[in-house]
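Structure first, commentary second.
2 protein chains.
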Amino acid sequence: MKADPRSRVVVVGGGFGGLQAVRHLRGARADITLIDRRNFHLFQPLAYQVATGALAAGEIATPLRSIFKRRRDVRVVMGEVAAIDVERRELTVAAGDAATPLLVPYDALIVAAGAHYSYFGREDWRRLAPELKTLEGALDIRRRILAAFEAAELEDDPAARAAWLTFAIVGAGPTGVEMAGQIAEIARDTLRRDFRTIDPRAARVLLVDQGERVLPAYPPSLSAKAARALERLGVTPLMSWGFVGIDGAGVTLRHGDGREQRVAARTVVWAAGVEASPLAAKLAAATGAELDAAGRVTVERDLSLPGHPEILALGDMVRVRGAGGAPLALPGVAPVAMQQGRYAAGVVRARARGEGPPPPFHYRDKGDVATIGRRRAVADLRGLHLSGTPAWAFWLALHLVYLVGFENRLLVLTRWAFSFFTRGRGARLIAGAPPRAEPAGLESEHAFKAPLRSVAREKGAVA
Amino acid sequence: MKADPRSRVVVVGGGFGGLQAVRHLRGARADITLIDRRNFHLFQPLAYQVATGALAAGEIATPLRSIFKRRRDVRVVMGEVAAIDVERRELTVAAGDAATPLLVPYDALIVAAGAHYSYFGREDWRRLAPELKTLEGALDIRRRILAAFEAAELEDDPAARAAWLTFAIVGAGPTGVEMAGQIAEIARDTLRRDFRTIDPRAARVLLVDQGERVLPAYPPSLSAKAARALERLGVTPLMSWGFVGIDGAGVTLRHGDGREQRVAARTVVWAAGVEASPLAAKLAAATGAELDAAGRVTVERDLSLPGHPEILALGDMVRVRGAGGAPLALPGVAPVAMQQGRYAAGVVRARARGEGPPPPFHYRDKGDVATIGRRRAVADLRGLHLSGTPAWAFWLALHLVYLVGFENRLLVLTRWAFSFFTRGRGARLIAGAPPRAEPAGLESEHAFKAPLRSVAREKGAVA
Chain H
0 MKADPRSRVV VVGGGFGGLQ AVRHLRGARA DITLIDRRNF HLFQPLAYQV ATGALAAGEI
60 ATPLRSIFKR RRDVRVVMGE VAAIDVERRE LTVAAGDAAT PLLVPYDALI VAAGAHYSYF
120 GREDWRRLAP ELKTLEGALD IRRRILAAFE AAELEDDPAA RAAWLTFAIV GAGPTGVEMA
180 GQIAEIARDT LRRDFRTIDP RAARVLLVDQ GERVLPAYPP SLSAKAARAL ERLGVTPLMS
240 WGFVGIDGAG VTLRHGDGRE QRVAARTVVW AAGVEASPLA AKLAAATGAE LDAAGRVTVE
300 RDLSLPGHPE ILALGDMVRV RGAGGAPLAL PGVAPVAMQQ GRYAAGVVRA RARGEGPPPP
360 FHYRDKGDVA TIGRRRAVAD LRGLHLSGTP AWAFWLALHL VYLVGFENRL LVLTRWAFSF
420 FTRGRGARLI AGAPPRAEPA GLESEHAFKA PLRSVAREKG AVA
Chain X
0 MKADPRSRVV VVGGGFGGLQ AVRHLRGARA DITLIDRRNF HLFQPLAYQV ATGALAAGEI
60 ATPLRSIFKR RRDVRVVMGE VAAIDVERRE LTVAAGDAAT PLLVPYDALI VAAGAHYSYF
120 GREDWRRLAP ELKTLEGALD IRRRILAAFE AAELEDDPAA RAAWLTFAIV GAGPTGVEMA
180 GQIAEIARDT LRRDFRTIDP RAARVLLVDQ GERVLPAYPP SLSAKAARAL ERLGVTPLMS
240 WGFVGIDGAG VTLRHGDGRE QRVAARTVVW AAGVEASPLA AKLAAATGAE LDAAGRVTVE
300 RDLSLPGHPE ILALGDMVRV RGAGGAPLAL PGVAPVAMQQ GRYAAGVVRA RARGEGPPPP
360 FHYRDKGDVA TIGRRRAVAD LRGLHLSGTP AWAFWLALHL VYLVGFENRL LVLTRWAFSF
420 FTRGRGARLI AGAPPRAEPA GLESEHAFKA PLRSVAREKG AVA
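Protein chains in written order, with numbering that gives the first Met the number 0: chain H, 0 to 462; chain X, 0 to 462.
What follows is the structure, encoded as structure tokens:
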């Protein structure tokens, strides 16, 4: 990289990692271009609250342009990276509604394009079981959950009604646990008085995971507490069960010991697996870096690509080479991406000043917190284990602090206060898509025509 | 209608009229069924604020079930009325995701299914110029407006850029005027610092109407004030101009004197004409009532259908027979629907008690108020003319008071306070649909696959 008067730094992805990188490049004598397919930063850790009607979409998303409107050194481009030419140091960007693709040259490139959930090779399940990674996915899930109660209310056949009132959540990580807890709370509290034929409390919420316990990244004692809290809310954890079929009318599960079971469940929510952004594969192909089964590219200890110190990649689209040389996948949580984003900005700044690279990236794990429901949460803070109301209060404070935008913080606080005192949920509209068809029908086409890339990350950790 | 212990009252439409009818049937010893295609009541007078990013969708919509959750006498059915059998006194309702249609018998029926904008027979324009009547329409318009600025930012060709920065609003009634003013404010204030290549203030906003003046329902002096306020904001009113073509790249206009003009405008918003719900035609066919060119059915002076005192219809899907016998179309505003809804409830109650019908319906017109922008509005309150800040403050207070739900009032107040002091707009996400294609492409299919029935009304009047 030349020590030009002003270097051109391109950041791909406006998630937690990309945002931190741009923020920490302030005053670096660089012209920064931030590229994202969407015009907003999504606070993905709260996407499940949009999916359950507790928050509105806009309250967890902030326009990138307004975040950086006072940074004259930052240009935001809404578009999708179609190609990376590492020799010419140039990106080709397909830009939304504009006719011709844009060529964006760089002196330094930071790629933080994230990951989404993987469907274990069953892409056809995506339309039957939307994922909780994107805003569209969250809105689609909200529509399905609310429409399922509506359909149950009008259904005479008890078996068909039970299928509408059965919800299967795939994946018992923080997102799946939070989602299951929220659906149970909706059924028990929010919708309690809303219907005349059904009793929403009859809803069954299944939390399905191939692993042996919920929240596998947490200490076993907290996993046990979380499982008990879920059961008290009315959630049925089905551990050691995997999915072998989803068809819209129900799901087929297979236990680790070979047993199979069919469950009539109309609504399935996906929160399992990880599949890196396709940009990871593009970087690997261009630089000869390793690519793992989840599509993550292996970066050096300073987050650079092998032989290309001017290209850095980070977040849950990468594995980082460890001290021993073996690549390590860090947890797919916001704090990893944020720390890596800040680190990457430091690398670019050091190089621009002609200095050598800083010491290798080291993740400072401050702990994890996951919420299950009203005054139910678990936290693991470097050995300090919390549960119940203290963990829940900690979770609330943490998420409010990290939410981008003062207006959003105030709106979310208002919503949460209302939810707490009234057990209601304000954002309960069924809108934006036609009702889903019978099992074989096409549903919510629009949500899936858009390529499912997300710059947001897994959730529930302490930044 | 039998004087049964409990009569069965069915209300179709959860807009302003239907809501008032259900509210005023409280304690009437009736089992009430409220049917709507959507699960929410939309506060349509603020839809344009959703379209311009000032408010989020959920803030102007309230779930019908939560409005009536404490009314054990009210059952909400989310579904679409497919047929009305006036002999058997029974509705057939196609209910969302449930497989079999529902049969709903009634002793009294109140139909308040509303109207939407008409495209003057050019239904193909609907996908090129979304209407501001539904929540999906408002969200689609928001996406288009914001995406147009994004595309302009990336466009090199000055002519192409100008086309992205030209916005045409069809219809100079209150909705069109408010919409034009808001787009001008976005360009001047909200987005001012957001872009690096374009100056959003270069945007052109055209307000097109075949009539001779803006706000034709207002006194000429207030029309003139509104036109001047619009011009000061940067809006160009094109009066006496009609649309003869829309093709996505631009519009062709024809003046009353025959001149034609082509304007390159990528974004067109529709707020003109009126077309009643198809239920009006079904009622006319079943009862022999008159139907006018806008699809409105003529009801008697007590809002009943001829020969069917048990069926009442109201709102902007009807014309009401006047004292002289000639049918009269009342303004398509919320207060008309609300007063008629209350009146219809009174008719049903009187009949249930075995009393004769109340005196004929009479609309009490308390006045109109339309807002143009920040501290710019006009109000006509039974001869008292206001403009500027007083009219604007009156408009704000009025809309907050009539917004359904205390939580929504608080959220909207928070948003407005932020907008006022920061000139920002919080709800600026481009989400929910793929970017629009080139002129010939299909755009936002999902928003138009759903039949466009709306129970909401024209706007801007004092309830």
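Idealized CB from N, CA, C, for every residue including glycine.
Query: Three-way DSSP call (helix, strand, coil) for Pro308(H) in this model; Result: strand
Query: Beta-carbon spacing of Ala171(X), Pro219(X) below 8 Å; Result: no
Query: Closest Cα partner of Trp269(H) within the set Val49(H), Asp208(H), Ala396(H), Gly294(H); Result: Asp208(H)
Query: Cutoff 8 Å: Glu184(H) Cβ touching any chain X Cβ; Result: no
Query: Amino acids of chain H, ordered along the chain, whose beta-carbon sits closer than 7 Å to that of Arg64(X); Result: Asp193
Query: Three-state secondary structure assigned by DSSP to Gln260(X); Result: strand
Query: Bridge partner(s) assigned by DSSP for Asp30(H); Result: Arg7(H)
Query: Backbone secondary structure at Ala439(X) - three-state DSSP; Result: For Ala439(X), the predicted model reports a pLDDT of 28, less than 50, meaning its position is unreliable; a value from the coordinates is still stated below. DSSP places Ala439(X) in coil when its eight states are reduced to three.
Query: Coarse secondary structure for His115(H), derived from DSSP in three states; Result: strand
Query: Spatially closest choice to Ala390(H) from Arg350(H), Met238(H), Gly366(H), Leu402(H), by CA coordinates; Result: Gly366(H)
Query: Whole-angstrom distance between Arg36(H) and Gly440(X), CA atom to CA atom; Result: Because the pLDDT of Gly440(X) is 26, which lies under 50, any placement of that residue in the model is unreliable, and the question is left without a value.
Query: Closest residue to Glu211(X) among Glu135(X), Arg227(X), Met238(X), Arg253(X) (Cα-Cα distance); Result: Met238(X)
Query: Within chain H, the residues that Thr413(X) reaches when beta carbons sit closer than 7 Å; Result: Leu409, Leu410, Thr413
Query: Residue-level contact to chain H via CB, Ala60(X), 8 Å cutoff; Result: yes
Query: Contact belief for Gly17(H) with Val8(H) at Cβ below 8 Å, rounded distance in angstroms; Result: So it is not a contact: roughly 11 Å between Cβ atoms.
Query: Through-space distance from Leu205(H) to Arg373(H), alpha-carbon basis; Result: 19 Å
Query: Best match in Ser65(H), Ala248(H), Thr174(H), Gly257(H) for proximity to Pro215(H) [C-alpha to C-alpha]; Result: Thr174(H)
Query: 8 Å Cβ cutoff met for Gly249(H) and Arg261(H); Result: yes
Query: Nearest-angstrom Cα separation, counted from Arg143(H) out to Trp163(X); Result: 35 Å
Query: Partner residues on chain B for Glu89(X), Cβ-Cβ distance less than 7 Å; Result: Of the protein chains in this structure, namely H and X, none is chain B.
Query: Interface residues of chain X facing Lys68(H) [CB-CB closer than 7 Å]; Result: Arg192, Asp193
Query: Beta-carbon gap between Glu86(X) and Pro104(X) smaller than 8 Å; Result: no
Query: Cβ-Cβ separation, Ala46(X) to Leu131(X) (assumed contact under 8 Å), whole Å; Result: 6 Å
Query: Contact belief for Phe39(H) with Leu402(H) at Cβ below 8 Å, rounded distance in angstroms; Result: Actually they do not touch by this definition, with Cβ atoms about 13 Å apart.
Query: Partners in chain X for Met316(H), counting only beta-carbon separations shorter than 8 Å; Result: Near Met316(H) there are no residues of chain X at all, since even the closest Cβ is about 22 Å away, more than 8 Å.
Query: Cβ neighbour criterion (16 or more within 10 Å) applied to Leu102(X); Result: exposed
Query: Chain H contact for Ala264(X) (CB, 8 Å cutoff); Result: no
Query: Assigned secondary structure, Phe15(X) (DSSP; H/G/I helix, E/B strand, else coil); Result: helix
Query: Minimum Cβ-Cβ distance from Ala137(X) to chain H less than 8 Å; Result: no
Query: Beta-carbon proximity check, Ala349(X) vs His23(X), cutoff 8 Å; Result: no
Query: Complete runs of the beta strand (DSSP E) confined to the segment 226-281 of chain H [at least 3 residues]; Result: 234-238, 240-245, 250-254, 259-262, 266-269
Query: CA-to-CA distance, Ala312(H) to Leu290(H), given in whole angstroms; Result: 13 Å
Query: Closest by C-alpha distance to Gly113(H), when choosing among Ala280(H), Asp156(H), Gly244(H); Result: Ala280(H)
Query: Outcome for His361(H) when other beta-carbon atoms lying within 10 angstroms are tallied against a minimum of 16; Result: exposed
Query: Within chain H, the residues that Leu127(X) reaches when beta carbons sit closer than 7 Å; Result: Ordered by position in chain H, no residue passes the 7 Å Cβ test against Leu127(X), which lies about 14 Å from the chain.
Query: Interface residues of the segment 221-255 of chain H facing chain X [CB-CB below 7 Å]; Result: none
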